[in-house]
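**Q**
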Amino acid sequence: HSALTQPASVSGSPGQSITISCTGGVNDVAGYTYVSWYQQHSGNAPKLIIFDVTKRPAGVSDRFSGSKSDNTASLTISGLQPEDEADYHCASYSLMNTWVFGGGTRVTVL
Amino acid sequence: EVHLLESGGDLVQPGGSLRLSCAASGFSFSDFAMSWVRQAPGKGLEWVSTVSGSGGGTYYAASVQGRFTISRLNSQNTVYVQMSSLTVEDTAVYYCAQGGYCDFWTGYCRFDFWGPGTLVTVSS
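Residue numbers (the numbering used here), protein chains in the order written: chain A, 264 to 373; chain B, 392 to 515.
#1: Between the Cα of B:C500 and the Cα atoms of A:G278, A:P277, A:W300, which residue gives the shortest distance?
#2: Are the Cβ atoms of A:P309 and A:V372 separated by less than 8 Å?
#3: Could you name the residues of the same chain whose beta carbon sits closer than 6 Å to that of B:S426, not counting the 5 residues immediately before and after it, in chain order?
#4: If you run the structure through DSSP and keep just helix, strand and coil, what is B:E437?
#5: Would you call the region 426–436 of chain B and the region 360–367 of chain A in contact, with 3 or more CB pairs under 8 Å?
#6: Which residue spans inside the region 425–474 of chain B form an unbroken beta strand (DSSP E) run of at least 3?
#7: Measuring straight from C-alpha to C-alpha, what distance separates A:V363 and A:N290?
#8: Should B:L411 be flagged as near chain A, meaning a C-beta pair shorter than 8 Å?
#9: By the criterion of Cβ-Cβ separation under 9 Å, what are the contact partners of A:P309 in chain B?
#10: Please check if any C-beta of chain A sits within less than 8 Å of the C-beta of B:G491.
#11: Apart from the five residues on each side of it in sequence, which residues of its chain come closer than 8 Å, Cβ to Cβ, to B:G446?
#12: Going along the chain, which residues of its own chain have a beta-carbon closer than 6 Å to the beta-carbon of B:Y450, five neighbours each way excluded?
#13: At the level of alpha carbons, what is the spacing between B:A415 and A:T268?
#14: Name, in chain order, the residues that DSSP records as bridge partners for B:G406.
#15: Run down chain B in chain order and give the residues with a C-beta less than 7 Å from the C-beta of A:F314.
#16: For A:Y351 and chain B, any beta-carbon pair shorter than 8 Å?
#17: How many angstroms separate the CA atom of A:D333 from the CA atom of B:E392?
#18: Find the residues of chain C that neighbour A:T361, judging by a C-beta separation of less than 9 Å, and give them in chain order.
#19: Along the beta strand (DSSP E) that carries A:C353, what are the first and last residues, could you check?
#20: Skipping 5 residues on each side, what residues in its chain have a beta carbon closer than 6 Å to that of B:H394?
#21: So what's A:V372 in DSSP terms, helix, strand or just coil?
#22: Quick one: Cα of A:D350 to Cα of B:D422, how far?
#23: Are the CB atoms of B:Y471 and B:R410 within a distance shorter than 8 Å?
#24: Give me the Cα-Cα distance between A:G275 and A:S324, rounded to the nearest whole angstrom.
#25: At 8 Å on the CB atoms, spell out the chain A contacts of B:G508, in chain order.
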């Protein structure tokens, strides 16, 4: 299974909104509503911030939102804050209980 | 509070073997699938393997199929991955994660919690 495609980097100023795309195919993103997003601060473990395309776990800021259209999922961060500077990884369920991740996107707060 | 802690990472020569362990606490261990996800230096995450809550179902990425074996001991709240025929491409931080088995009946399909990871370096 090929990795999902994410932009290598996205940047924005505090208070702005940014969107990270995650493009897959018919066997993953387009075929299932099981896309999740993980935030990873430098040197730390990933943290689940979005699951099932649009849902947020308890305790995750509502500044994070997810969506999907056809074979592309998106993560939007509204009201960008300095603590949002991190790597963001998308993941999708694929065939026969396998998973595919994106290459990760580095978010920089200017 | 869910707590996952990996151990066993080491420097190993190409062709060698290694076993990683992940000790879990803070949840009903046998109710959840457990997975291994790795991250090569400077790279993105790569799903490696998942074992169902009972241990009866195991799933592998094509890149490790036939070389890695995932297992669990529910009485010890521990999940393992036995890695053999290691190559330099297996060099990565290996994370243990809760979840990874998609239950289409309940709709549970994600990696909820992650451990801090353990580093495996394959080099001569």
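In this text, a Cβ means the ideal position worked out from N, Cα and C, and glycines have one as well.
**A** On the basis of the supplied data:
#1: A:W300
#2: no
#3: Hits under 6 Å: T441, A488, G491.
#4: strand
#5: Touching, yes.
#6: Whole beta strand (DSSP E) segments, 3+ residues: 425–430, 436–442, 449–451, 459–464, 469–474.
#7: 10 Å
#8: no
#9: V428, Q430, L436, Y486, A488, F502, W505
#10: yes
#11: Take B:G446, set aside five residues on each side of it, and the residues of its chain with a beta-carbon closer than 8 Å to its own are S462, R463, N465, in chain order.
#12: T441
#13: 32 Å
#14: Paired residue(s): none; B:G406 is not in a bridge.
#15: The answer, in chain order, is R501.
#16: no
#17: 36 Å
#18: Given the protein chain composition of this structure (A and B), no chain C is represented.
#19: 349–356
#20: Excluding positions up to five away in sequence, the list reads S416, G417.
#21: strand
#22: 30 Å
#23: yes
#24: 18 Å
#25: A308
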